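J.: Under full-length UniProt numbering, the first residue of the sequence shown is numbered 1, with each subsequent residue one higher. Here it is, the structure, as structure tokens.
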Amino acid sequence: MELEELRKKIDQIDARLVELINERAEVVVEVGKFKRRSGSVPVYAPDRETQVLSKICELNKGPLPDKTLVAVWRELMSGSFFIERPLRISFLGPEGSYSHQASMKKFGQSVDYLPLADIRGVFDEVARGQCDFGMVPVENSSGGGVVETLDAFLETRIMICAEMEMPIHHNLLAKCRLEEIEKIYSKPEVFAQCRNWITENHFEGKIITEASTARAAELAAQSDNCAAIGSSLAGRIYGLNVLYEKIEDKPDNVTRFLIISSRDTPKTGDDKTAIVFTTPHKPGALFDVLGVFDKYDINLTRIESRPNKTRNWEYHFFADINGHKTDENIIKALEKLHDRTIQVQILGSFPRYTGETD
Ligand SMILES: O=C(O)C(=O)C[C@]1(C(=O)O)C=C[C@@H](O)C=C1
1 MELEELRKKI
11 DQIDARLVEL
21 INERAEVVVE
31 VGKFKRRSGS
41 VPVYAPDRET
51 QVLSKICELN
61 KGPLPDKTLV
71 AVWRELMSGS
81 FFIERPLRIS
91 FLGPEGSYSH
101 QASMKKFGQS
111 VDYLPLADIR
121 GVFDEVARGQ
131 CDFGMVPVEN
141 SSGGGVVETL
151 DAFLETRIMI
161 CAEMEMPIHH
171 NLLAKCRLEE
181 IEKIYSKPEV
191 FAQCRNWITE
201 NHFEGKIITE
211 ASTARAAELA
221 AQSDNCAAIG
231 SSLAGRIYGL
241 NVLYEKIEDK
251 PDNVTRFLII
261 SSRDTPKTGD
271 DKTAIVFTTP
281 HKPGALFDVL
291 GVFDKYDINL
301 TRIESRPNKT
311 RNWEYHFFAD
321 INGHKTDENI
331 IKALEKLHDR
341 TIQVQILGSF
351 PRYTGETD
């Protein structure tokens, strides 16, 4: 078939797609009315999104990969927010940070974003109702837990309603050429994650630490011979070229993010529950708690401790367990935990992140 004819065919299909997409949007208008009437159903429904996206992937017979369809449907659902009630999402800024990139991936182009100076600020704005949701990093595959996030859960009453993982690819960003670079700005953790590349390229003497990769990009943009290491989004925002991409030592460098809100998410059947508990200071206290998970056949996917800031050498334990807080075995296990801990608090149940199609 001639190119002209093929393009005509694409035009006809596009016209049908536009109609279908708007037919879907008309139903979303009704969903919005229903939610406003009920007053209690949230606009962002992570449990429903998981259902929608897995159905789309099940239906997909190619040739497009699932991730393309997931990206299209994420934008459709972003448009749904716009129709139902415009959402405001805060994240650890400035613009161009990896948290910004994660927020865009999750919530798309049709919501408002508010970059904030620190993680605690993200919690506070959600608690005050100034933002509907917040995006915070909680752990990195090589750097471990993000202590600001864990501590903020201890000091606020904020819940987790969803989680996501995002591969973190570091890029060398600059306006100049590689040979002209005199200084490189980035965060200390990022330099640590790119150590091999920095050594191989003899950049050790040129590194300057900054509070965020986005701030690093901003500084590099103000100079003719400075570079930054950061996200490709930061490169786009601050007008820098990507001189080298994926310079991280470990190609599978991943950060797990949490979407925080004033409430958690109904059961999907493949969920996680995050809790925090404090054990008494006696031999076997933690062992006793872990025994409860074993007894009720609960899989612990993560455990991490943070110092109790009022009494030295006492700790809070953050744990993620598979299952929803409404599951019978989790209800029973949490009851038992009340007897074996000083305090136990549920931080939220949410759909388990299952990869690319999420
Ligand atoms: O089903 C809903 O509750 C909707 O608001 C619709 C919809 C969608 O577009 O499919 C949009 C946003 C939600 O997060 C989940 C699903």
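Where is the CB? At the ideal position from N, CA and C, for every residue including glycine. Since the model is a prediction, treat every value here as computed from it, not as a measurement.
(1) What number of angstroms, rounded off, separates the C-alpha of L87 from the C-alpha of P115?
(2) Along the beta strand (DSSP E) that carries N171, what are the first and last residues, could you check?
(3) Can you tell me whether Y44 sits near ligand 1, meaning its C-beta is under 7 Å from at least one heavy atom of the ligand?
(4) Can the beta-carbon of A174 be found closer than 8 Å to that of A227?
(5) Secondary structure at P188, three-state DSSP: helix, strand or coil?
(6) Starting from the Cα of C194, find the closest Cα among L172, Q130, I56 and give me that residue.
(7) Can you name the start and end residues of the beta strand (DSSP E) that E139 belongs to?
(8) Give me the residue from G121, E155, K246, L178 with the minimum Cα distance to I168.
(9) Among V147, Y113, G129, which residue has its Cα nearest to the Cα of I119?
(10) Below 8 Å between beta carbons: does that hold for E155 and S186?
(11) Contact defined as beta carbons within less than 8 Å: I believe S110 pairs with S78. What is the distance between those atoms, to the nearest angstrom?
(12) With a threshold of 7 Å (Cβ to nearest heavy atom), would L76 be considered close to ligand 1?
(13) Would you kindly report the start and end of the unbroken alpha helix (DSSP H) that includes G79?
(14) Is the beta carbon of I83 less than 8 Å from the beta carbon of V18?
(15) Between the alpha carbons of Y353 and I198, how many angstroms are there, rounded?
(16) Taking I208 as the reference, which of R236, E182, Q130 has the closest Cα?
(17) Give every residue of the same chain whose Cβ lies closer than 6 Å to the Cβ of I56, excluding the five residues on either side of it in the sequence, and list them in chain order.
(18) In or out: residue 362 buried (at least 16 other Cβ within 10 Å) or exposed?
T.: On the basis of the supplied data:
(1) Numbered from 1 along the sequence shown, position 87 holds the residue referred to as residue 87. Numbered from 1 along the sequence shown, position 115 holds the residue referred to as residue 115. Approximately 14 Å, taken between the alpha carbons.
(2) Position 171 of the sequence shown holds residue 171. Per DSSP, the continuous beta strand (DSSP E) segment holding N171 begins and ends at 171 to 174.
(3) Mapped onto the sequence shown, residue 44 falls at position 44. Relative to the non-hydrogen atoms of ligand 1, the Cβ of Y44 comes within a distance shorter than 7 Å of at least one.
(4) In the sequence shown, the residue the question calls residue 174 occupies position 174. In the sequence shown, the residue the question calls residue 227 occupies position 227. For A174 and A227, yes; Cβs fall inside 8 Å.
(5) Counting from one through the sequence shown, the residue named residue 188 turns up at place 188. P188: helix per DSSP, three-state reduction.
(6) The count along the sequence shown starts at 1 and reaches residue 194 at position 194. It is L172 whose Cα lies nearest to the Cα of C194.
(7) Counted from its first residue, the sequence shown places residue 139 at position 139. E139: member of the beta strand (DSSP E) spanning 133 to 140, first to last residue.
(8) Translated into the one-based positions of the sequence shown, residue 168 becomes position 168. Measuring from the Cα of I168, the nearest candidate turns out to be K246.
(9) In the sequence shown, residue 119 corresponds to position 119, counting from 1. Looking at the Cα atoms, V147 is the closest of the given residues.
(10) Against the sequence shown, residue 155 aligns to sequence position 155. Against the sequence shown, residue 186 aligns to sequence position 186. For the pair E155 and S186, the CB atoms are not nearer than the 8 Å cut-off.
(11) On the sequence shown, residue 110 is found 110 positions in, with the first residue counted as 1. On the sequence shown, residue 78 is found 78 positions in, with the first residue counted as 1. Right, the Cβ-Cβ distance comes to about 4 Å (below 8 Å), so this counts as a contact.
(12) Against the sequence shown, residue 76 aligns to sequence position 76. The answer is yes for L76.
(13) By 1-based counting over the sequence shown, the position of residue 79 is 79. First-last of the alpha helix (DSSP H) with G79: 66 to 84.
(14) In the sequence shown, the residue the question calls residue 83 occupies position 83. In the sequence shown, the residue the question calls residue 18 occupies position 18. Taking 8 Å as the Cβ cut-off, I83 and V18 do not qualify as a contacting pair.
(15) Taking the first residue of the sequence shown as 1, we reach residue 353 at position 353. Taking the first residue of the sequence shown as 1, we reach residue 198 at position 198. Roughly 33 Å separates the two Cα atoms.
(16) Working through the sequence shown from its first residue, we reach residue 208 at position 208. Selected option, being the one with the closest Cα: E182.
(17) Numbered from its first residue, the sequence shown carries residue 56 at position 56. Only residues of its own chain outside the window of five on either side were considered, and among them L69, W73 have a CB closer than 6 Å to the CB of I56, listed in chain order.
(18) In the structure as shown, the chain starts at 1 and stops at 358, and residue 362 therefore has no counterpart that could be examined.
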